[in-house]
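Numbering (our numbering), first residue to last: 192 to 556.
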């Protein structure tokens, strides 16, 4: 891929890609340079200075993944004298937050609004302590904005997140189009979400076209009560999570049996270091190789993987009637499969069958 094409894909204001430093199966590293000379913003006082450059260093920041690989950017940072206190200060880039790009940080914050820090960290490949720090900093930043009025979104998602032990939760409402948390409140369930709907008022409720959630009864009851005509959808993120958990339960059970029976080939395939490959939602070449081996080595895990892929195909159905028909067929197959985790999931999706197969704008996925 040409460097100017990569520059266009990254879309970092004022910078261009000059070299691809490395490219492996798991990561890509790019060297960035400024497109043109411009005054620096002082990290000390926040003002723009035109003083002479003292020196230039580089930092490495992580950006959003590209084609399933982690992306690292090597960015130049100039040092110059601050006119306010006379100290040598490094320049500040608005699109960088610590050792990450701002959009990466915002992605972390969005994920923590719908899942735990540990799961968000696993998904992005960073430790949960880093996730906690990023989430805390974003919350502090948002609190400083002191936005009192909440504008009703057209598409929203709602979820609860445990923020402390002993069942202490916070409910987050996300504007899906803006990809931003617009409201949160201590607690969970119907009474908490009712407060959001009352805050935006009847006119605001009329503006909402679709709501995605994890299917919790309290959220569904509140939404049906306040939004008479909105489309209610089981959040795509949680659907994938449920499917992955069902597959992983089968993997763990069959791995234990394989170890007891000294089946080395099967144990290697089902080992936890292959878990990420099995859990990927897009079928990769590595996943195809593993599936081919599983088709002969272990029918149960192979069947579980096929059930997962068959379910995800519901989201590309040509219309809602086809999606519902496919869902009913899948539920029957899952319940008859004899695989405990998928039998349980089949009944769960049967209970939520009217909220699962809705085909929404891709922003809700």
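Heads up, the beta-carbon is just placed ideally off N, CA and C, and yes, glycines get one too.
task: Give a yes or no on contact between the segment 441-448 and the segment 417-430, applying the rule of three or more CB pairs nearer than 8 angstroms.
output: No, they do not touch.
message: Measuring straight from C-alpha to C-alpha, what distance separates residue 259 and residue 211?
response: Roughly 17 angstroms separates the two Cα atoms.
- prompt: Whole-angstrom Cβ separation of residue 518 and residue 544, contact assumed at under 8 angstroms?
  reply: At roughly 6 angstroms, the Cβ-Cβ gap stays under 8 angstroms, so residue 518 and residue 544 are in contact.
Which of helix, strand or coil DSSP assigns to residue 351: Secondary structure of residue 351 (DSSP, three-state): strand.
- prompt: For the ligand PLP, is there a heavy atom less than 8 angstroms away from the beta-carbon of residue 287?
  reply: Inclusion of the ligand PLP in the displayed structure is not the case, the ligand content being empty and no account of it being possible.
query: Distance, Cα to Cα, residue 613 vs residue 223?
result: Absent from the model: residue 613. The displayed extent of the chain is 192 to 556, so no value can be given.
task: Could you name the residues of the same chain whose beta carbon sits closer than 6 angstroms to that of residue 494, not counting the 5 residues immediately before and after it, in chain order?
output: Cβ within range, chain order: n/a, list empty.
field: Span separating the alpha-carbon of residue 449 from that of residue 484
entry: Going from the Cα of residue 449 to the Cα of residue 484 covers about 14 angstroms.
message: Quick check on residue 521: does DSSP put it in helix, strand or coil?
response: In the structure shown, residue 521 adopts helical secondary structure according to DSSP, grouped into three states.
- request: Can you check the segment 357-423 for any beta strand (DSSP E) of at least 3 residues that lies completely inside it and give the ranges in chain order?
  value: Segments of the beta strand (DSSP E) lying fully in the segment 357-423: 359-366, 371-377, 401-404.
- prompt: Helix, strand or coil: which one does DSSP assign to residue 213?
  reply: DSSP, read as helix, strand or coil, puts residue 213 in strand.
message: According to DSSP, is residue 545 part of a helix, a strand, or is it coil?
response: DSSP, reduced to helix, strand and coil, places residue 545 outside both helices and strands of the structure shown, so it counts as coil.
message: Give me, in chain order, the residues of the same chain whose beta-carbon lies closer than 7 angstroms to that of residue 236; leave out the 5 immediate sequence neighbours on both sides.
response: Excluding sequence neighbours, residue 236 sits near 273, 275.
- prompt: Looking at the structure shown, is residue 136 part of a helix, part of a strand, or coil, going by DSSP?
  reply: The structure shown does not extend to residue 136, since the chain is modelled only from 192 to 556, so the question has no answer here.
query: How about the segment 378-391 and the segment 529-539: do they share at least three Cβ pairs that are nearer than 8 angstroms?
result: No, the segment 378-391 does not touch the segment 529-539.
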